[in-house]
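J.:
Protein chains in written order, with this note's numbering: chain W, 1 to 96; chain H, 1 to 268.
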């Protein structure tokens with residue numbers, strides 16, 4: 001929280017010396033980085049759990065490996081979607 | 001403080017060094033003919049190449065041992081049947097092989113130019129192709145559901161899934177409505193698009209970093225050896241992109257199969 005306030009203060013201090021367009025681009029770039037970073041936390045944990053559990057399942061029952069792998073990729077696809085939407089938000093904030 | 005020093009070493013203050021070009025120079029290509037640019041050409045080429053491969057393979061004698069193009073085509077068809085349809089829809093879904101096969105081959109061939117030198121642009125890194133494919137899948141799985149269960153039965157199964165306590169329908173129905181009819185095509189399109197775009201941008205960033213380090217004008221003696229590191233990572237990422245290209249085509253096809261399978265045989 002303290003780090004966030006410091007970032008905000010720094011951006012305000014810098015913003016005073018910039019033209020409005022530059023200040024807006026700066027804020028957009030900072031928020032883009034923040035947005036993608038936040039969006040990556042949850043899916044990162046989620047994908048780790050999915051792969052871990054899938055490896056556990058495959059180690060217990062190697063004969064079910066094919067089914068587990070398909071289901072695992074399905075789960076990864078759904079979890080990853082959140083991080084990717086975060087990435088799209090990053091692209092939109094930074095470049096659009 | 002530290003980043004300032006790096007900027008000085010890289011000569012950024014002198015207008016040289018690492019800078020990321022505007023996104024349009026990376027993604028938007030000049031039109032060759034009005035309305036036809038590089039991405040369109042890649043998409044058309046991949047459709048033509050995929051079709052030609054399977055047409056040529058189908059002309060060969062089926063009684064002899066398969067080799068060459070027929071061998072390749074049979075491997076792909078077997079992969080679709082065994083690893084995608086049997087795992088998601090079961091034996092009754094075999095009729096969907098042509099549709100899923102076309103989809104898989106087209107997406108894979110659209111993804112692959114992302115790592116082919118001198119082309120290096122996945123056609124799916126623009127929103128047009130993924131969005132259209134996702135809309136196609138949306139139409140197909142809804143139409144399949146309506147065909148197999150009837151208009152009323154399909155929407156009853158989607159909106160009021162059986163086995164849920166009656167009071168919970170207030171909560172479940174809006175969620176199911178949004179997740180089936182809105183989020184499914186949206187996430188399908190965005191997943192493919194964002195994965196390919198992210199890979200493309202990664203390659204661009206490491207290629208630019210390598211270039212700006214190796215062609216550095218200041219502090220040459222130690223910046224040039226450092227430039228080997230991003231180059232090594234660039235090679236590694238190129239290999240990784242082959243995997244991603246395959247994986248995204250696979251995931252897109254598997255999800256299509258799951259949606260169609262779910263619409264054909266509702267949960268009881």
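Glycine residues also receive a C-beta, built at the ideal position from the N, C-alpha and C atoms.
Could you give the residue range of the alpha helix (DSSP H) that holds residue 39 of chain H?
T.: To locate residue 39 of chain H, count along the second chain from 1; it is residue 39. Per DSSP, residue 39 of chain H belongs to the alpha helix (DSSP H) from 38-59.
J.: Just to confirm before moving on: does the CB-CB distance between residue 39 of chain W and residue 86 of chain W stay below 7 Å?
T.: Sequence index remark: in the first chain, residue 39 of chain W carries index 39 (1-based). Sequence index remark: in the first chain, residue 86 of chain W carries index 86 (1-based). Against a cut-off of 7 Å, the Cβ pair of residue 86 of chain W and residue 39 of chain W comes out as a contact.
J.: Using only the alpha-carbon positions, how far apart do residue 194 of chain H and residue 124 of chain H sit?
T.: Counting from 1 along the second chain, the entry for residue 194 of chain H is found at position 194. Counting from 1 along the second chain, the entry for residue 124 of chain H is found at position 124. Pairing residue 194 of chain H with residue 124 of chain H, the inter-Cα distance amounts to about 9 Å.
J.: In the DSSP assignment, what residue or residues form a beta bridge with residue 33 of chain H?
T.: Within the second chain, the letter at position 33 stands for residue 33 of chain H. BP columns for residue 33 of chain H point to H:36.
J.: Could you tell me which uninterrupted alpha helix (DSSP H) segments, each at least 4 residues in length, are contained entirely in the region 163-192 of chain H, listed from first to last along the chain?
T.: The region 163-192 of chain H contains these whole alpha helix (DSSP H) runs: 169-178.
J.: Among the residues of its own chain, which have a CB less than 6 Å from the CB of residue 206 of chain H, if the five just before and after it don't count?
T.: For the purposes of this step, residue 206 of chain H is taken as the residue at position 206 of the second chain. Taken in chain order, the residues that qualify are 230, 233, 234.
J.: Where does residue 88 of chain H land, buried or exposed, given buried means 16+ other C-beta within 10 angstroms?
T.: On the second chain, residue 88 of chain H is found 88 positions in, with the first residue counted as 1. The residue is buried, with at least 16 neighbouring Cβ atoms inside 10 Å.
J.: Is there a C-beta anywhere in chain H that falls below 7 Å from the one on residue 88 of chain W?
T.: Locating residue 88 of chain W in the first chain gives position 88, where the first residue counts as 1. Yes, residue 88 of chain W lies at the interface with chain H (some Cβ there is under 7 Å from its Cβ).
J.: Answer with yes or no whether the minimum CB distance from residue 263 of chain H to chain W is below 7 Å.
T.: Taking the second chain and counting its residues from 1, the one referred to as residue 263 of chain H is at position 263. It does not: the Cβ of residue 263 of chain H has no partner Cβ on chain W nearer than 7 Å.
J.: Decide if residue 78 of chain H is buried, meaning its Cβ has at least 16 other Cβ atoms within 10 Å, or exposed.
T.: Counted from its first residue, the second chain places residue 78 of chain H at position 78. Its Cβ having fewer than 16 others within 10 Å, residue 78 of chain H is exposed.
J.: By Cβ distance, which residues of its chain are closer than 7 Å to residue 111 of chain H, with the 5 residues on each side in sequence left out?
T.: Walking along the second chain from the start, residue 111 of chain H turns up at place 111. Cβ within range, chain order: 122, 124, 196, 245, 248, 249.
J.: Hey, how far is the Cα of residue 186 of chain H from the Cα of residue 60 of chain H?
T.: Numbered from its first residue, the second chain carries residue 186 of chain H at position 186. Numbered from its first residue, the second chain carries residue 60 of chain H at position 60. Whole-angstrom Cα-Cα distance: 40 Å.
J.: I want to verify the contact list: residues of chain C whose CB lies under 7 Å from the CB of residue 241 of chain H, in sequence order.
T.: No chain C is present in this structure, whose protein chains are W and H.
J.: Residue 47 of chain W versus chain H: which residues are under 8 Å apart at the beta carbon?
T.: Counted from its first residue, the first chain places residue 47 of chain W at position 47. For residue 47 of chain W, there are no neighbours in chain H by C-beta distance under 8 Å, as the nearest C-beta there is about 13 Å away.
J.: Do residue 115 of chain H and residue 218 of chain H have their C-beta atoms closer together than 7 Å?
T.: Stepping through the second chain from its first residue, residue 115 of chain H is reached at position 115. Stepping through the second chain from its first residue, residue 218 of chain H is reached at position 218. Taking 7 Å as the Cβ cut-off, residue 115 of chain H and residue 218 of chain H do not qualify as a contacting pair.
J.: Does the contact criterion of 3 or more C-beta pairs under 8 Å hold for the region 199-216 of chain H versus the region 134-143 of chain H?
T.: Not touching, per the Cβ criterion.
J.: If I measure Cβ to Cβ from residue 71 of chain W and keep anything under 6 Å in the same chain, skipping five residues before and after, which residues do I get?
T.: Stepping through the first chain from its first residue, residue 71 of chain W is reached at position 71. Closer than 6 Å at the Cβ level, and outside the excluded window around residue 71 of chain W, lies no residue.
J.: Quick check on residue 5 of chain W: buried or exposed, where buried means 16 or more other Cβ atoms within 10 Å of its Cβ?
T.: Your numbering for residue 5 of chain W matches position 5 in the first chain. It counts as exposed.
J.: Work out the CA separation of residue 153 of chain H and residue 168 of chain H for me, nearest whole Å.
T.: The residue you call residue 168 of chain H lines up with position 168 of the second chain. The residue you call residue 153 of chain H lines up with position 153 of the second chain. Cα-Cα distance, rounded: 20 Å.
J.: CB of residue 70 of chain H to nearest heavy atom of the ligand PLP: below 6 Å?
T.: In the structure on display, the ligand PLP does not appear, and there are no ligands present to speak of.
J.: Nearest-angstrom Cα distance between residue 289 of chain H and residue 223 of chain H?
T.: Any answer about residue 289 of chain H is impossible in this case: the structure gives chain H only from 1 up to 268.
J.: Which residue from H:158, H:45, H:85 puts its Cα closest to that of residue 98 of chain H?
T.: Residue 98 of chain H sits at position 98 when you count from the first residue of the second chain. Checked all of H:158, H:45, H:85; the closest Cα to residue 98 of chain H is H:85.
J.: By the three-class DSSP mapping on this structure, what secondary structure does residue 212 of chain H have?
T.: For the purposes of this step, residue 212 of chain H is taken as residue 212 along the second chain, with counting starting at 1. Residue 212 of chain H falls in the helix class under three-state DSSP.
J.: Can you confirm whether residue 87 of chain H, when its beta carbon is compared against all beta carbons of chain W, has any partner nearer than 7 Å?
T.: Numbered from its first residue, the second chain carries residue 87 of chain H at position 87. Cβ-Cβ to chain W under 7 Å: yes for residue 87 of chain H.
J.: Output needed for residue 209 of chain H: all residues of its chain with C-beta closer than 7 Å, excluding positions within five of it in sequence on either side, in chain order.
T.: As a first step, residue 209 of chain H must be located in the second chain, where it is residue number 209. So the list reads 18, 230, once near-sequence residues are dropped.
J.: For residue 74 of chain W, return the contacting residues in chain H, with the cut-off set at a CB-CB distance below 9 Å.
T.: Along the first chain, one-based indexing puts residue 74 of chain W at 74. Within chain H, the residues near residue 74 of chain W are 88, 251, 254, 255, 258.
J.: Enumerate in chain order the residues of its own chain whose CB-to-CB distance from residue 42 of chain W is below 7 Å, with the five nearest sequence positions on each side excluded.
T.: For the purposes of this step, residue 42 of chain W is taken as residue 42 along the first chain, with counting starting at 1. Hits under 7 Å: 82.
J.: Buried or exposed: where does residue 241 of chain H fall if 16 or more other Cβ atoms within 10 Å of its Cβ makes it buried?
T.: Position 241 of the second chain, counted from the start, is the residue given in the question as residue 241 of chain H. With 16 or more other Cβ atoms within 10 Å, it is buried.
J.: Note down, in chain order, every chain W residue with its Cβ under 9 Å from the Cβ of residue 28 of chain H.
T.: Here residue 28 of chain H refers to the residue found at position 28 of the second chain. What residue 28 of chain H touches in chain W: nothing, since even the nearest Cβ is about 12 Å away.
J.: Please return the same chain residues whose Cβ sits closer than 6 Å to the Cβ of residue 105 of chain H, not counting the five positions on each side in sequence.
T.: By one-based count along the second chain, residue 105 of chain H stands at place 105. Closer than 6 Å at the Cβ level, and outside the excluded window around residue 105 of chain H, lie 50.
J.: Would you mind sorting residue 179 of chain H into buried or exposed? The rule is 16 or more other CB atoms within 10 Å of its CB.
T.: Here residue 179 of chain H is taken as the residue at index 179 of the second chain, counted from 1. The residue is exposed, with fewer than 16 neighbouring Cβ atoms inside 10 Å.
J.: Taking just the CA atoms, how far does residue 33 of chain W sit from residue 27 of chain H?
T.: Here residue 27 of chain H corresponds to residue number 27 of the second chain, with the count starting at 1. Here residue 33 of chain W corresponds to residue number 33 of the first chain, with the count starting at 1. The straight-line gap from Cα to Cα measures roughly 21 Å.
J.: Please check the pair residue 96 of chain H and residue 226 of chain H, which I expect to be a contact at CB under 8 Å, by giving their CB distance rounded to whole angstroms.
T.: Here the question's residue 96 of chain H lines up with position 96 in the second chain. Here the question's residue 226 of chain H lines up with position 226 in the second chain. Not really, about 52 Å apart at Cβ, beyond 8 Å.
J.: Just mark residue 49 of chain W as buried or exposed, buried being the case when its beta carbon has 16 or more other beta carbons within 10 Å.
T.: The residue you call residue 49 of chain W lines up with position 49 of the first chain. Exposed: under 16 other Cβ atoms inside 10 Å.
J.: Starting from the Cα of residue 44 of chain H, find the closest Cα among H:65, H:109, H:62, H:82 and give me that residue.
T.: Taking the first residue of the second chain as 1, we reach residue 44 of chain H at position 44. Answer by Cα proximity: H:109.
J.: Indicate whether at least one CB of chain W lies closer than 7 Å to the CB of residue 271 of chain H.
T.: Chain H is shown only over 1 to 268; residue 271 of chain H falls outside these bounds and no answer can be derived.
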